[in-house]
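Peer 1: Next up is a structure, given as C-alpha cells.
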Amino acid sequence: MSPLSAPALQPAAALRVEYLDASPVDVLGAAGTLAVFGFGDTPRTMPDPRYLHVALPAVGSAPLECWQVDAEVAHGRAGDIVWSTGGGLQFGALEVEDDGDIAAVAARAYARLQAWLAGSDHPHPLRIWNYLDAITAGDGDAERYRRFCVGRARGIGRALAPGELPAATAIGHPHRTGRFQLYWLAAQAAGTPLENPRQVQAWRYPRQYGPQPPGFARALLPASSAMPLLVSGTAAVVGHASQHGDSLDAQLDEILANLHSLLAAARVLRPALAAQPGPASRLKVYVRDADALPQMQALLAARLPGVPHIVLHGHVCRRELLVEIDGCHL
Ligand code: 3EB
Numbered sequence: 021m022s023p024l025s026a027p028a029l030q031p032a033a034a035l036r037v038e039y040l041d042a043s044p045v046d047v048l049g050a051a052g053t054l055a056v057f058g059f060g061d062t063p064r065t066m067p068d069p070r071y072l073h074v075a076l077p078a079v080g081s082a083p084l085e086c087w088q089v090d091a092e093v094a095h096g097r098a099g100d101i102v103w104s105t106g107g108g109l110q111f112g113a114l115e116v117e118d119d120g121d122i123a124a125v126a127a128r129a130y131a132r133l134q135a136w137l138a139g140s141d142h143p144h145p146l147r148i149w150n151y152l153d154a155i156t157a158g159d160g161d162a163e164r165y166r167r168f169c170v171g172r173a174r175g176i177g178r179a180l181a182p183g184e185l186p187a188a189t190a191i192g193h194p195h196r197t198g199r200f201q202l203y204w205l206a207a208q209a210a211g212t213p214l215e216n217p218r219q220v221q222a223w224r225y226p227r228q229y230g231p232q233p234p235g236f237a238r239a240l241l242p243a244s245s246a247m248p249l250l251v252s253g254t255a256a257v258v259g260h261a262s263q264h265g266d267s268l269d270a271q272l273d274e275i276l277a278n279l280h281s282l283l284a285a286a287r288v289l290r291p292a293l294a295a296q297p298g299p300a301s302r303l304k305v306y307v308r309d310a311d312a313l314p315q316m317q318a319l320l321a322a323r324l325p326g327v328p329h330i331v332l333h334g335h336v337c338r339r340e341l342l343v344e345i346d347g348c349h350l
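In the working numbering, the protein residues as written are 21 to 350.
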C-alpha cells in the first residue's frame with residue numbers, strides 16, 4: 021500500500037509535561053491540555069475536572085505541572101472519578117475519605133480503578149500516583165504504608181504479572197488531609213515496565229518490609245517513542261536496603277546513581293533517550309523534613325543544573341528515607 025492510500029492512523033501518542041508559572045484557568049483554556057496539577061498554595065478545587073490539587077506544600081509557590089497532547093481532549097466526571105482523554109492517553113483521578121483503615125481505603129480505591137480501567141478504552145495504566153496521610157505511622161506490619169500495600173493488592177484482586185506493572189509513586193502528606201488521593205495516566209497501548217539492576221524488584225522485596233510487596237515497576241517505557249520514560253518514585257535504596265540514613269546529600273547522590281542505572285536500562289530499548297537527566301527531564305523531589313527544603317534546593321542546583329524540577333514537602337514510605345525523586349525523561 022502506498023503511503024498516500026494508507027488509512028488514517030491515530031497520531032502517535034505524545035505527552036508533553038511542563039512546569040509552568042501560569043494561572044490554571046489559562047492552562048486549562050489552551051488546546052490539548054489533558055491535566056493540570058497544583059501543589060501547595062494553589063486552588064484546592066476548580067470546576068474543570070482536569071485540575072487536581074496535590075496537598076504537598078511546595079517551597080515558595082511551585083509551578084503548575086501541565087500535561088499536554090497534540091489532540092482534541094474530552095473530559096468529564098463519572099461518580100467519584102474525574103477523567104480526560106486525548107491522543108491515546110487518559111488522565112484519571114479518584115479521592116477516597118480516609119477513616120484510618122488505609123488497607124480498606126486503598127482496597128476500595130483500587131477496586132474502583134480496576135473496574136474503571138476494565139470498562140475503559142484506555143485499559144493500560146502506565147503510571148500511578150498515591151498520596152496518603154501519615155504514611156509511616158504505626159509499627160511493624162501495622163505501619164500505614166505496609167497496610168496500604170496490602171489494600172492495594174487486595175483491591176486489584178489478582179497478582180499482576182511483572183510485564184503488567186505500572187510505574188508508581190507513594191508519598192505521605194506531611195499534614196493530615198483525611199483523604200487518600202490516587203491519580204493515573206493510562207493508555208490505549210500497553211508499555212514496557214523496566215527494572216533497575218541496582219535495585220531488587222519491589223515486588224520481590226523480602227518479608228522484612230511487610231506482608232505484601234509493593235506492586236510497581238521502577239519505570240515504564242510507553243509504546244510510542246514520542247512519549248517520555250515514566251520514572252517511579254526513586255529513593256536511596258540499593259538491593260532492597262535503605263542507604264545513608266543520616267545524610268540528605270548522600271541519599272541524593274544514591275538516587276542519582278539509581279536514575280543513571282535506570283536510564284541505561286531504558287536506553288537499551290530506546291537509545292534516543294538521554295543518558296542522564298537534562299533539560300527535557302521533569303523531576304519532582306519529595307523531601308521529608310521541611311527544614312531541609314532549602315538545603316535540597318541548593319543541592320539540586322549543584323547536582324542537576326538546568327534540569328526542571330519541583331521540590332515538595334512529602335514523606336517517603338520508609339522513615340529513614342529523607343528524599344525521593346520521580347518524573348519523566350526524554
Ligand atoms: C522504594 O524504592 C521506595 O509503593 O507504589 C517508590 C515508588 C516506593 C512507588 C509504591 C513505593 C512505591 O521502595 C518506595
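Here a beta-carbon is modelled for each residue, glycine too, at the ideal position from N, C-alpha and C.
The structure presented is a predicted model; accordingly, all values stated were derived computationally and were not measured.
#1: Can you give me the C-alpha to C-alpha distance between Arg196 and Pro299, rounded to a whole angstrom?
#2: Using 8 Å as the threshold, is the segment 219-232 in touch with the segment 254-267, meaning 3 or more CB pairs across them?
#3: With DSSP as the reference, please indicate the residues paired to Ala213 in a beta bridge.
#4: Consult DSSP for Ala26 and reduce its assignment to one of helix, strand or coil.
#5: Tell me whether the beta-carbon of Ala239 lies closer than 7 Å to the beta-carbon of Leu214.
#6: Among Ala157, Gly139, Gly235, Glu340, which one has its Cα closest to the Cα of Arg178?
#7: What are the partner residues of Ser81, as DSSP defines its beta bridges?
#8: So the alpha helix (DSSP H) Gly171 belongs to, where does it begin and stop?
#9: Please return the same chain residues whose Cβ sits closer than 6 Å to the Cβ of Arg172, not counting the five positions on each side in sequence.
#10: Just checking, does the segment 282-290 make contact with the segment 179-199 on the three C-beta pairs under 8 Å criterion?
#11: For Lys304 and Glu344, I'd like the C-alpha separation in whole angstroms.
#12: When burial is assigned at 16 or more other CB atoms within 10 Å of the CB, is Arg227 buried or exposed?
#13: Output yes or no for whether 7 Å exceeds the beta carbon distance between Gly58 and Leu76.
#14: Tell me, which residues are paired with Tyr71 by DSSP?
#15: Identify which residue in Trp136, Tyr151, Gly334 has its Cα closest to the Cα of Ala207.
#16: Assuming Ser252 is part of the beta strand (DSSP E), what are its boundary residues?
#17: Taking DSSP as the reference, what is the three-state secondary structure of Ala285?
#18: For Glu163 and Val336, what's the separation of their Cα atoms in angstroms?
Peer 2: A quick look at the data gives this:
#1: Translated into positions along the sequence shown, residue 196 becomes position 176. Translated into positions along the sequence shown, residue 299 becomes position 279. Going from the Cα of Arg196 to the Cα of Pro299 covers about 34 Å.
#2: yes
#3: Within the sequence shown, residue 213 is the residue found at index 193, counting from 1. The residue you asked about is not Ala; residue 213 is Pro in the sequence shown. Paired residues: Leu240.
#4: Mapped onto the sequence shown, residue 26 falls at position 6. Any reading at Ala26 needs caution, since the residue's pLDDT is 47, under 50, leaving its predicted position unreliable; the model's value is listed next. Taken through DSSP and simplified to helix, strand or coil, Ala26 comes out as coil.
#5: In the sequence shown, residue 239 corresponds to position 219, counting from 1. In the sequence shown, residue 214 corresponds to position 194, counting from 1. Contact flag set, yes.
#6: Taking the sequence shown and counting its residues from 1, the one referred to as residue 178 is at position 158. It is Gly235.
#7: Against the sequence shown, residue 81 aligns to sequence position 61. In the DSSP output, where bridge partners are listed per residue, Ser81 has none listed.
#8: Start at 1 with the first residue of the sequence shown, and residue 171 comes out as number 151. Per DSSP, Gly171 belongs to the alpha helix (DSSP H) from 164-176.
#9: The residue you call residue 172 lines up with position 152 of the sequence shown. Answer for Arg172: Ala126, Tyr130, listed in chain order.
#10: no
#11: Within the sequence shown, the letter at position 284 stands for residue 304. Within the sequence shown, the letter at position 324 stands for residue 344. Approximately 8 Å, taken between the alpha carbons.
#12: One-based indexing of the sequence shown puts residue 227 at position 207. So Arg227 ends up on the exposed side.
#13: Taking the first residue of the sequence shown as position 1, residue 58 is located at position 38. Taking the first residue of the sequence shown as position 1, residue 76 is located at position 56. Contact flag unset, no.
#14: As a working mapping, residue 71 is identified with position 51 in the sequence shown. DSSP lists Val56 as partners of Tyr71.
#15: Here residue 207 corresponds to residue number 187 of the sequence shown, with the count starting at 1. Nearest of Trp136, Tyr151, Gly334 to Ala207, Cα basis: Trp136.
#16: As a working mapping, residue 252 is identified with position 232 in the sequence shown. Counting along the chain, the beta strand (DSSP E) containing Ser252 begins and ends at 249-254.
#17: As a working mapping, residue 285 is identified with position 265 in the sequence shown. Helix.
#18: Translated into the one-based positions of the sequence shown, residue 163 becomes position 143. Translated into the one-based positions of the sequence shown, residue 336 becomes position 316. Approximately 13 Å between the Cα atoms of the pair.
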